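Data first, discussion second: the structure below is written as C-alpha cells.
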Amino acid sequence: MKKTFSIGGVHPADKKISAGCRIEVLPTPQTVYISMSQHLGAPATPVVAVGDKVKAGQVIGEPAGFISAYVHSSVSGTVKSIGPRPDLAGNKVTHIEIAVEGDEWADGIDLSETLVTEIPADNRFIIDRIKSNGVVGLGGATFPTHVKLTPLEGKKAEILILNGAECEPYLTSDYRIMLEKPDQIVIGAAIMKQVLGGSRTVIGIEDNKPEAIESVRTAISRLQAKSASYSGIEVAVLKKKYPQGGEKQLIDAVAHRQVKSMGLPIDVGAVVQNVATSLAVYDAVMKNRPLTTNTLTVTGDCLPADRQKNYLFRIGVPFSFIIEQDGGIPEGAVKVISGGPMMGKAISNLDATTVKGSSSVLYLTAEQTVRKPESNCIRCAKCVEACPMGLEPFLLNKLARNGMMDELEQNAIQDCIECGCCLYSCPANIPLLDVIRVAKGDVMRAIRARSAKK
Ligand code: SF4
Ligand code: SF4
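If you want our numbering, it's the 1-based position in the sequence shown plus 22.
The following block contains the structure:
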C-alpha cells in the first residue's frame, strides 16, 4: 500500500524534464572557491595557507565545534587566497580559492568503480570515516552525518528512513543516482543501519518514479543474496505529494509517528537520511573518498531539451561556470534558483560557488516568477488545509505583520518547515511564506537568546 503523511500537502506539477538525462561529469574549471560554511553548525577553520600546494581529497578546513564538519579540496592545485566571498544569498563567508593544476588525489583514496560490499565490523571506524571524510546531509539541511548517526545517551533509533522522495518539482539528481548507483545507496543504508544498532531500514520513494523503485528493489535483492548485512532493508512506495520528503512527513508516512513541536526525529526513534547522503556514506566508508563531488540538475521550462542535465560537479565550482558550460542563461529565463521551486533560494550572485548541498540550477521564466497582486484574506482556510505542520498560516501572517512575537511562538511558528504550501494555495496571493520565514527567524533568535541565558 502506498504511504503518505496525514495532514496538509499540495500537488504541484512534476516537471521532471531532466529525468532521462544520465549523469555527466562536469569539466573542472581553472579556479574553484571552496566555502568553509557548507554545513549546519560552526564554519570549518582553514588549515592551509596561501601558496600551499593541495591535492584533491586533502583536508583544507577542520571542524570548529561539535556540530561542524571537515572540508576537503575538490581539486589539486595552489591556494591563491583565503578570505570572505559572497555566497549565493550575498552573505560573505570564508572561501579558499584554489588554482587548479592537474588532477592529483591525496593518498589512501580509492577512486576505482569496484563495488565493495563487505561492511567493516567496527562501528567506531565507520563513524570516524564518515566524520573525517566530511559527510553531511545532502537532502537540504547539511547536518553533519556522524553527529546524526550518534544518538544521545538514552535515545535509540528503531527505524532508519532513507529519503528518495525528491518531491520538489524539476529536481532529478536523486532519481538519477537511484538509477545509476543503487547498490552504493543500499550499501550506505546498511552501513548506517549497522551503526544505529540494526534498525529497520526503509527507503521511501514516490510513486512517480517507478524505475527508481525497481532499481533500488533489485539492488536490495542482489545484496541480500550476498550477505545477511543487507537484511531488514525495504522500499516503501510513497504517494506523490509535496512535501513528502520533509523529515517529519516521511516519519509520519513510513512509521506513523509524530514528532512533537521543536522535537527531533530521534525522539520518536527515527533517523532520516537522504539517498545522496547514503551514497556519500558508501564512498566515505568503503572507498575512503571525501565528500568533494555531488550531483545537481540543470533544468527549467525555458531550457532546450539537449541542455537539460544532471551533472557530477566538483564542490566549489562557481554557478557561472556551470551555466557557461551548459551554453549560458537560456532565452526567457529571468530568475535562477538553487534548489527546487518550492524551497530553493534565488541565486543573486552567479559567481557564488557550489557547496556540498547544491542540488540544482533551475531557470524560471517571467510568467513563473511574477507575483500576482496581493488582496485581502478571504478566510478560506486553504493555507490551513495545505500546511503539513498543522499551523495556521493566515494567523501567523497577521501576527507577524503586527510584530506579535510571543503570540507567534505560542502558535508554533518555529515548527514551520518553510515548505511554501501555504503560499502555493492562497487565492489572495498573500506572500505567506516570505512573511512567516522572516518572523520565524526573529522568533528562533529570541528562543536561542533565552536558552543561552539559562
Ligand atoms: S511554509 Fe510553514 S506555514 Fe506555510 S505551509 Fe509550510 S510549514 Fe505551514
Ligand atoms: S489561503 Fe490566503 S485567503 Fe485563504 S485563509 Fe489563508 S491567507 Fe487567507
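Beta carbons: idealized from backbone N, C-alpha and C, even for Gly. Since the structure is predicted, the reported quantities are computational estimates derived from the model, not experimental observations.
DSSP state of Phe88 mapped onto helix, strand, coil: coil
Quick one, what's near ligand 2 if you take every residue whose CB is closer than 7 Å to any heavy atom, in chain order? Spelled out in chain order, the answer is Cys399, Ile400, Arg401, Cys402, Ala403, Lys404, Cys405, Val406, Pro415, Phe416, Asn419, Cys444, Ser447, Cys448, Pro449, Ala450, Ile452, Leu454.
Taking Cys43 as the reference, which of Leu171, Glu202, Ser283, Ile351 has the closest Cα? Glu202
Range of the contiguous alpha helix (DSSP H) that encloses Leu245: 232-248
For my contact list, Ile82 and Val93 are in at a C-beta cut-off of 8 Å; report their separation, rounded to the angstrom. 6 Å
Could you tell me which residues DSSP puts in a beta bridge with Ala292? Ile181
Among all the DSSP beta bridges, which residues are the ones paired with Pro106? Thr116
Taking Gly442 as the reference, give the member of Gln330, Arg470, Pro191, Ser98 with the closest Cα. Pro191
Report the residue from Gln390, Gly210, Ser195 whose alpha carbon sits nearest the alpha carbon of Arg151. Gly210
Here's the rule I'm using: 16 or more other beta-carbon atoms within 10 Å means buried, otherwise exposed. How should Lys309 be labelled? Lys309 is buried by the Cβ-count criterion.
Starting from Phe343, follow the alpha helix (DSSP H) in both directions and report where the run begins and ends. 341-347
Segment limits, beta strand (DSSP E) that includes Phe27: That residue, Phe27, is in no beta strand (DSSP E); it is neither H nor E in DSSP.
Ser300 lies in the alpha helix (DSSP H); which residues open and close that run? 297-309
Just how far apart, CA to CA, sit Ile369 and Lys357? 8 Å
Residues near Lys24 by beta carbon distance below 7 Å, same chain, minus five either side: Asp229, Val259, Leu260, Lys261
Kindly confirm or deny that the stretch 301-316 and the stretch 178-188 touch, where touching means at least three C-beta pairs closer than 8 Å. no
Given Ser59, which residues of its chain have a CB within under 6 Å of its CB, disregarding the five upstream and five downstream residues? Pro65, Val115
Opposite Leu386 in the DSSP bridges: which residues? Paired residues: Lys357.
Could you check how far apart the C-beta atoms of Thr375 and Pro340 are, in whole angstroms? I think they sit under 8 Å. 5 Å
What does a CB cutoff of less than 7 Å around Pro106 pick up in its chain, not counting 5 residues either side in sequence? Cβ within range, chain order: Lys114, Val115, Thr116.
Do we get a CB-CB distance below 9 Å when we pair Val358 with the residues of chain B? You won't find chain B in this structure, because it holds only one protein chain.
With distances taken from CA atoms, which of Phe335, Leu62, Val460 is nearest Gly159? Checking every option, the nearest Cα to that of Gly159 belongs to Leu62.
With which residues is Ser424 paired in a DSSP beta bridge? According to the sequence as given, residue 424 is Asn; it is not Ser. Beta-bridge pairing links Asn424 to no other residue.
Cα-Cα separation between Gly285 and Gln436, rounded to whole angstroms: 11 Å
First and last residue of the uninterrupted beta strand (DSSP E) at Leu260: 255-260
Give every residue of the same chain whose Cβ lies closer than 7 Å to the Cβ of Ile458, excluding the five residues on either side of it in the sequence, and list them in chain order. In the same chain as Ile458, and ignoring 5 residues on each side of it, the C-beta atoms closer than 7 Å to its own belong to Pro415, Leu418, Asn419, Ala422, Ile435, Cys438, in chain order.
Is Arg336 helix, strand or coil when you go by DSSP? Residue state, collapsed to three classes: strand.
Alpha-carbon to alpha-carbon, Ala250 and Ala355: 51 Å
Over what stretch of residues does the alpha helix (DSSP H) that includes Ser57 continue unbroken? Per DSSP, Ser57 belongs to no alpha helix (DSSP H); it is in the beta strand (DSSP E), 53-57.
With which residues is Lys331 paired in a DSSP beta bridge? Val320
Looking only at its own chain, which residues have a Cβ that is under 7 Å from the Cβ of Gly268, when we skip the five neighbours before and after it? Pro410, Ile439, Cys441
Would you check if there are 3 or more beta carbon pairs closer than 8 Å linking the stretch 317-327 to the stretch 217-228? no
So, helix, strand or coil for Ile149, using DSSP? In the three-state reduction of the DSSP assignment, Ile149 falls in the helix class.
My assumption, with CB atoms under 8 Å, is that Ile199 sits in contact with Leu301. Please give the rounded CB distance. 6 Å
Mind the definition here: the stretch 325-338 touches the stretch 29-37 only if three or more C-beta pairs lie below 8 Å; say whether that holds. no
What number of angstroms, rounded off, separates the C-alpha of Glu353 from the C-alpha of Ala388? 11 Å
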